[in-house]
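Report on the following structure.
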Amino acid sequence: MMMLLQKPLAIFSCLFLFMAIYSTAQSPPVLDTDGRPLQRGVEYFIKPAVTDVAGNLTLLTRKGDPCPFHVGQVPLRSTDIGYYILNLRFLAGEDTIREGRDLKVVFQAFSICITSTAWRVGETEPTTGRRLVATGNDDTATGFFRIDKSDLGVYNLGWCPSDVPIRGRPRCGRAGILVEKGVRLLALDGSAFPFEFVRA
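Count the sequence shown with mature numbering (1 follows the signal peptide of the UniProt record, and there is no 0) and you get residues -25 to -1, 1 to 175, in order.
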C-alpha cells in the first residue's frame, strides 16, 4: 500500500515543481512607457508614475556625508534629470526584465565615492525603522531588487529575494519615499511608491 502511494506522490511533486518553475520563468515582462519590455543593457530613467511631487531617481547624499550615496528623487523644480539606470538580470542568458524576478539596478554615473553605483539595502533609519536604499558593490541578496506590478497597473520597486540564495526568511519590503530634512530618499518598509521606466 505504501509503495502504491509513493509513486503518485513523487509524480505529483515533480509536476508541482515543474509548474512552479515554468510559471516563474513565464512571468510577464516589465514594460517601459512606450509599452516595450525592459531589456538588459538598455538605459532607463525611473520616474514617478502618478504624482508630481518630485522627479526621477538619482544619487543623493544624506546628512551632509559625501559617501556613500543613497537613492532618492530629484527635486521637482531642479534642472537635474537624475541618472539613468542599467538593469542587469541575475539569470544567465535572460535579456528581458520580468516582474517579480531578482535583478541588479545600477546607476550609470561617475561617483566621487570609491564604490559602485549599484543599489543595495542600506542602513536602517532609527526614527522610522525603515531601511534606506544605498549604493555600493554587494553581490549578496541585499544587492538584488525586484519590480512588481500593482493593482493600479503601475510598477513598484521592492526587495524580496527569490532567485538569489539567502539564509532564513527575508524581511521583504516595498520601496517608497522617506522625506528627511527636505530630501526625498528611497526606503523600504513603508507605503509603496509607484514608478515607471522611460527609455533614455
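Where is the CB? At the ideal position from N, CA and C, for every residue including glycine. Note that the structure is a prediction, hence the values are computed from the model and not measured.
Which same chain residues end up closer than 7 Å to residue i when comparing Cβ atoms and leaving out the 5 residues on each side of it in sequence?
i	result
serine 53	Gly30
lysine 124	Glu74 and Tyr130
Determine the direct distance from the alpha carbon of residue j to that of residue i, and round the result to whole angstroms.
i	j	result
serine 86	threonine 110	10 Å
alanine 24	isoleucine 152	13 Å
glycine 128	valine 17	23 Å
proline 145	phenylalanine 65	18 Å
cysteine 135	valine 49	26 Å
phenylalanine 168	proline 101	21 Å
valine 158	glycine 104	17 Å
arginine 11	isoleucine 72	11 Å
leucine 63	proline 43	21 Å
lysine 156	valine 28	15 Å
leucine 161	arginine 106	9 Å
aspartate 40	isoleucine 60	23 Å
glycine 47	leucine 32	5 Å
valine 139	threonine 26	33 Å
isoleucine 122	valine 5	7 Å
serine -3	threonine 99	Because serine -3 sits at a pLDDT of 44, beneath the cut-off of 50, its placement in the model cannot be relied upon, and the following sentence gives the value as read from the coordinates. About 34 Å.
aspartate 114	leucine 163	19 Å
aspartate 126	glutamine 1	19 Å
glycine 165	arginine 95	17 Å
proline 3	alanine 150	20 Å
isoleucine 141	phenylalanine 120	13 Å
Judging by CA-CA distance, which residue of the options is the nearest neighbour of residue i?
i	options	result
glutamate 74	Val49, Gly133, Gly104 and Ala116	Gly133
asparagine 112	Val158, Val139, Ala162 and Lys79	Lys79
glycine 97	Thr36, Pro12 and Leu13	Thr36
glycine 148	Val108, Asp126 and Gly68	Val108
glycine 143	Lys38, Leu160 and Ala116	Ala116
glycine 68	Ala150, His45, Val81 and Arg15	Arg15
cysteine 88	His45, Phe120, Lys38 and Asp114	His45
Would the beta-carbon of residue i fall within 8 Å of that of residue j?
i	j	result
isoleucine 56	phenylalanine 172	no
tyrosine 58	arginine 174	no
residue 177	aspartate 70	Because residue 177 is not part of the residues shown, which for the chain are -25 to 175, the question remains open.
isoleucine 84	glycine 118	Residue identity check: residue 84 is alanine in the sequence provided, not isoleucine. Contact: no.
phenylalanine 82	leucine 34	yes
Go through its chain and collect everything with a Cβ distance to residue i's Cβ below 6 Å, but skip five positions before and after it.
i	result
threonine 8	Glu171 and Val173
Give me, in chain order, the residues of the same chain whose beta-carbon lies closer than 8 Å to that of residue i; leave out the 5 immediate sequence neighbours on both sides.
i	result
valine 154	Leu160
Worksheet entry | Sequence ranges, beta strand (DSSP E) only - wholly within the segment 93 to 122, length at least 3 | 94 to 99 and 106 to 110
Discussion item. Could you tell me which whole beta strand (DSSP E) segments of length 3 or greater appear in the segment 124 to 158?
Written reply: Counting only runs of 3 or more, we get 130 to 134 and 148 to 155.
Discussion item. My parser needs the beta strand (DSSP E) runs of 3 or more residues fully inside the segment 3 to 67; what are they?
Written reply: Under the rule that a run must span 3 or more residues, the beta strand (DSSP E) segments found entirely inside the segment 3 to 67 read 18 to 23, 29 to 37, 40 to 50 and 60 to 64.
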